[in-house]
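In order, the protein sequences belong to chains A and B.
Under full-length UniProt numbering, think of the first position of the first sequence as 1, with each following residue one higher.
Under full-length UniProt numbering, think of the first position of the second sequence as 1, with each following residue one higher.
From the three backbone atoms N, C-alpha and C, an ideal C-beta is built for every residue, glycine too.
There are 2 protein chains.
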Amino acid sequence: MARPTPEAPVLPLDTIMSGDCVAAMNALPENSVDLIFADPPYNLQLRGELHRPDNSMVDAVDDHWDQFESLKAYDHFTDRWMKAAHRVLKPDGAIWVIGSYHNIFRVGASLQDRGFWILNDVVWRKTNPMPNFRGKRLTNAHETMIWASKSESSKYTFNYEAMKAANDGVQMRSDWTFPLCTGHERLKNARGEKAHPTQKPEALLHRLLVATTNPGDVVLDPFFGTGTTGAVATMLGRHFIGIEREEEYRQLAAERIAKVRPLEREALETTTSKRAEPRVPFGQLVERGMLRPGEELRSGNGRHRAKIRADGTLTGDGVKGSIHQVGAAYEGAPSCNGWTYWHFRREGKSVSIDTLRQQIRDEMVKMN
Amino acid sequence: MARPTPEAPVLPLDTIMSGDCVAAMNALPENSVDLIFADPPYNLQLRGELHRPDNSMVDAVDDHWDQFESLKAYDHFTDRWMKAAHRVLKPDGAIWVIGSYHNIFRVGASLQDRGFWILNDVVWRKTNPMPNFRGKRLTNAHETMIWASKSESSKYTFNYEAMKAANDGVQMRSDWTFPLCTGHERLKNARGEKAHPTQKPEALLHRLLVATTNPGDVVLDPFFGTGTTGAVATMLGRHFIGIEREEEYRQLAAERIAKVRPLEREALETTTSKRAEPRVPFGQLVERGMLRPGEELRSGNGRHRAKIRADGTLTGDGVKGSIHQVGAAYEGAPSCNGWTYWHFRREGKSVSIDTLRQQIRDEMVKMN
DNA sequence: GGCTCCGGTGAATCTCGCC
DNA sequence: AGGCGAGATTCACCGGAGC
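Rendered as structure tokens:
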């Protein structure tokens, strides 16, 4: 762990803070966590979960149910924790919030109003939802998660290749199918009852954290409950900070997380995207003699050709410029990836120049 | 049609009103329509051009009607049309609104603020969404629909048994899977281009109207576009009132609806009986238009025939029920596999309906 | 006629780092 | 902070052409 400095104050990593989540978040340094996962109370009628701005409890349910008063109270509650969450998040950080139709529209609107930039809404499709017993509506078989960056310009983390690989080689969609948390995964309290009414499945957090964090990142969960976020973060080599008001939940979560064995470093490595690999200038291929100045390149479709010049640019048909510029000019396209566009001949075969770039990158890896 | 009285003023049934939807709705009598389906502008806020990896350009939704100065301006627009919608809706009426993450949270919050009572949020899962071409986010593969009654105490319409029957004997869930509107269903304008950038699939409206209206009900669509709501309502024996500002859309919608052949009365009756529980929803074949309500099926031996109803059940010779029940009744057998028993005609040939089920299963496999 | 191949396209808030 | 240039990036389906 780095020594505390004014620039990098100590974070209570891998611990569970007690008390109100707003106060706890405000006790953390600003711009300090990479990701927030928030599973706030859904049910507008669970008034015990709600607090007024002055932190007093909202009155208990009485005979006269005023839904507008309750919506207002819920909005206040949302504004308070979301403001604190915004403050503690790094500029390039992101937030996930999960909810149902009771609260998610208010949460989503608040996120936008506060300047968060929505990246996706993701639907958790439950394979085994609770049926609608009265037969008066559709079976409520999903919940909604909103993924948003701190601002429109945030450079948020998204492990595209990892998600694509996990989805059999095609892009991961915005609908995720998982069963509810049941069986042995479902935590029991000392009385043998289910410990928490809305414990989320670890599979959900697993995908979410692999998608939008990197190993070593700090994940904050202001409504920690029985600590699913902490358990999965620990397993995946991410740090967590939990906040939970209820002593019983904190206790259960701590015991649960203590049993988690982190995955080995090797298992945590995800498919690297090409974007993350070091840049190799085309000129280096010429400098190293992998390609000769004067040698001719052809487009993959065989329709165009160009000559390599000593400075690593191409020329042909009156066009000069980088491998990308000449390719784009030939194709009349706004842009072109010259690395995959151009080919050269070796031993009678047509080979993409990208294979030469890959050779250089492999050498660079070996040197580390 | 009933004679106009002070209690039941004349409604412009089965017509398309022109002009601004707020003014048009305010010109209608209050408390007069059974259902509203609203597909308002999404306020996409697209920035620049987007190209596919093959350098072709994506045809963006950059129409003037989707441009708003700010979130505040969009909220103002939403408040205005929603207030007018609330007024024109019967006390026991309901509303559907469809949107994406750009606007749906604001729409949902506005619905709640105005006293609408959310019954479900429904996810339209697209089997064939547009990919995320830059690999920067999850593929945006769904849209969200909110179903809400006018007030908490509204006695809204929900054809539970029809939905259950269409879902092959188990409760209909809140996630609906349909392809985008493409191919011949997609309307073209006089110039041969797609007539409207956001035409919704008829299958979506089919399920929605069967679920939450009865034959003879009045369905209002304040953002009529090319009239999918009117076409499906007409086919299903519901009245529609459309409102559309653009002359070209009104013209195309009118031509489209004029071609619709309403289903026979018998095909429209919704199921009230319980059914056995088979595995793959026959109703989906109807919703998707693979089989047409009113179309005749014949038994493989050619001795029996039955007609398809809009909710995915069959009727004939005084028998009503699932494909299995009707087959069993005809054969005097205790049970019958309707999937292999029933056949339909395509291009002069007799084809088992099981081939259609297989098509859907193939899609489902591909989606997981 | 049937099959394969190929081009087109869909409500999309769709790059990043250096100078 | 804005401009510039490198270079990374797509899935399911429909329909027409061609064989």
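query: Measuring CA to CA, which of A:MET172, A:ALA276 and A:PRO201 is closest to GLU185 (chain A)?
result: A:PRO201
query: Does any residue of chain A bring its CB to less than 8 angstroms from the CB of LYS136 (chain B)?
result: yes
task: Could you say if the region 171–191 of chain A and the region 92–107 of chain A meet the contact criterion of at least three C-beta pairs nearer than 8 angstroms?
output: no
message: I'd like to know whether the C-beta of MET17 (chain A) is nearer than 8 angstroms to at least one C-beta of chain B.
response: no
task: Using a Cβ-Cβ cut-off of 8 angstroms, state whether LEU204 (chain B) counts as contacting chain A.
output: no
task: Select from the region 105–131 of chain A all residues with a C-beta closer than 8 angstroms to any C-beta belonging to chain B, and list them in chain order.
output: PHE105, ARG106, VAL107, GLY108, ALA109, LEU111, GLN112, ASP113, ILE118, LEU119, ASN120, ASP121, VAL122, VAL123, ARG125, PRO129 and PRO131
task: List the residues that DSSP assigns as beta-bridge partners of ASP175 (chain A).
output: A:VAL123
- request: Give me the Cα-Cα distance between ARG125 (chain B) and GLU295 (chain B), rounded to the nearest whole angstrom.
  value: 27 angstroms
message: Please report whether the beta-carbon of VAL175 (chain A) lies at a distance below 8 angstroms from any beta-carbon of chain B.
response: In the sequence as presented, Val is not what sits at residue 175 (chain A); that position holds Asp. Judged by the 8 angstroms Cβ criterion, ASP175 (chain A) is in contact with chain B.
- prompt: List, in order along the chain, the chain B residues whose C-beta lies closer than 8 angstroms to that of MET172 (chain A)?
  reply: LEU138 and THR139
field: As assigned by DSSP and simplified to three states, the class of GLY216 (chain A)
entry: coil
query: With distances taken from CA atoms, which of A:HIS343, A:THR177, A:SER299 and A:ILE360 is nearest ARG288 (chain A)?
result: A:ILE360
task: Using a cut-off of 7 angstroms between C-beta atoms, extract the partners of PRO334 (chain A) located in chain B.
output: HIS51 and ASN55
task: Can you give me the Cβ contacts of GLU30 (chain A) inside the same chain, cut-off strictly under 8 angstroms, excluding the 5 residues immediately before and after it?
output: ARG87 and VAL88
- prompt: Between A:HIS239, A:ARG279 and A:PHE133, which lies nearest to LYS164 (chain B) when the distance is taken from Cα to Cα?
  reply: A:PHE133
field: ASP63 (chain B) classed as buried or exposed, judged by whether at least 16 other C-beta atoms fall within 10 angstroms
entry: exposed
task: Please classify GLU295 (chain A): does DSSP put it in a helix, a strand, or coil?
output: coil
- request: State yes or no: is the C-beta of residue 377 (chain B) within less than 8 angstroms of the C-beta of ALA310 (chain B)?
  value: This structure cannot speak to residue 377 (chain B), because chain B is shown only from 1 to 368.
message: Can you pull out the residues from the region 68–95 of chain B whose beta carbon lies closer than 8 angstroms to at least one beta carbon of chain A?
response: LEU71
- prompt: Hey, out of B:GLY300, B:GLU266, B:ARG238 and B:ASN301, whose CA is closest to GLY13 (chain B)'s CA?
  reply: Checking the sequence, you will find Leu at residue 13 (chain B) rather than Gly. Minimum Cα distance to LEU13 (chain B) is reached at B:ARG238.
Inter-stretch contact at 8 angstroms, needing at least 3 Cβ pairs: the region 248–268 of chain A / the region 212–231 of chain A: yes
message: What does the alpha-carbon distance come out to for the pair VAL210 (chain B) and GLY216 (chain B)?
response: 12 angstroms
- prompt: Under 8 angstroms between C-beta atoms, does PHE37 (chain B) make it to chain A?
  reply: no
- prompt: Can you tell me the Cα-Cα spacing of THR198 (chain B) and SER299 (chain A), whole angstroms?
  reply: 38 angstroms
Inter-residue Cα distance where the pair is GLU247 (chain A) and MET17 (chain A): 10 angstroms
- prompt: Listing by chain order, which chain B residues have their CB less than 9 angstroms from the CB of TYR249 (chain A)?
  reply: Within chain B, no residue comes near TYR249 (chain A); the closest Cβ sits about 28 angstroms away, beyond 9 angstroms.
- request: Within its chain, find whatever has a CB closer than 7 angstroms to the CB of PHE344 (chain A); leave out the 5 residues flanking it on each side and keep chain order.
  value: LEU291, GLU295, LEU297, VAL351 and ILE353
Contact check, VAL58 (chain B) vs ARG52 (chain B), beta carbons under 8 angstroms: yes
task: Compare the C-beta of TYR160 (chain A) with all C-beta atoms of chain B and state if any pair is closer than 8 angstroms.
output: yes
task: Report yes if the CB atom of TYR42 (chain A) is closer than 8 angstroms to the CB atom of ASN103 (chain A), and no otherwise.
output: yes
task: Determine, using beta carbons only, whether HIS324 (chain A) comes closer than 8 angstroms to chain B.
output: no
- prompt: With C-beta atoms as the reference, is ILE257 (chain A) less than 8 angstroms away from THR234 (chain A)?
  reply: yes
message: Below 8 angstroms on C-beta distance, what does residue 370 (chain B) contact in chain A?
response: For residue 370 (chain B) there is no data in the structure shown, the boundaries of chain B being 1 and 368.
message: I need the DSSP call for HIS304 (chain A), collapsed to helix, strand or coil.
response: coil
task: Report the neighbours of HIS343 (chain A) on chain B: residues whose CB is nearer than 7 angstroms to its CB, in chain order.
output: The contacting residues do not exist; HIS343 (chain A) stays about 18 angstroms from chain B at best.
message: Does SER32 (chain A) come out as helix, strand or coil in the three-state DSSP assignment?
response: coil
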